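Participant: Numbering (the numbering used here), first residue to last: 30 to 128.
Here a beta-carbon is modelled for each residue, glycine too, at the ideal position from N, C-alpha and C.
If you're wondering where the values come from, they're calculated on a predicted model, not measured in any experiment.
#1: Looking at C-beta atoms only, is the number of pairs between the region 92–100 and the region 31–41 that lie closer than 8 Å three or more?
#2: Less than 7 Å between C-beta atoms, sequence neighbours within five positions excluded: which residues of the same chain meet that for residue 87?
#3: Under 7 Å between the Cβ atoms of residue 98 and residue 107?
#4: Mark residue 55 as exposed unless 16 or more other C-beta atoms lie within 10 angstroms of its C-beta, in which case mark it buried.
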């Protein structure tokens, strides 16, 4: 059922909007998303990253909030659209004390 829904949405979807958020992920977020995409559970991803399961849950929740989605499936779609819309925006340089 979920696969059929995805297939339907994929067929009717257009190109990502130019204002789609770029996938600017931290190294930890990128590592977590990679593991989850490879079908790791929260527990196995946490063990691989040497963080707690609660940290995994919190990272996923923050990403869902950042991308304005309600579940992990929608997060995957949003991240996919963000990655397809172009390279991540460069991170602003942090000001130094000597500036």
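Facilitator: Walking through what the data contain:
#1: Taking a contact to require three or more Cβ pairs closer than 8 Å, the region 92–100 and the region 31–41 do not qualify as touching.
#2: On the chain shown, position 58 is the one that residue 87 refers to. By the criterion of a C-beta distance shorter than 7 Å, residue 87 is surrounded by no residue of its chain, once the five residues flanking it on both sides are discounted.
#3: Here residue 98 is taken as the residue at index 69 of the chain shown, counted from 1. Here residue 107 is taken as the residue at index 78 of the chain shown, counted from 1. Yes, they are a contact pair.
#4: The sequence position of residue 55 within the chain shown is 26, counting from 1. Of the residues assessed, residue 55 falls on the exposed side of the cut-off, its CB having fewer than 16 other CB atoms within 10 angstroms.
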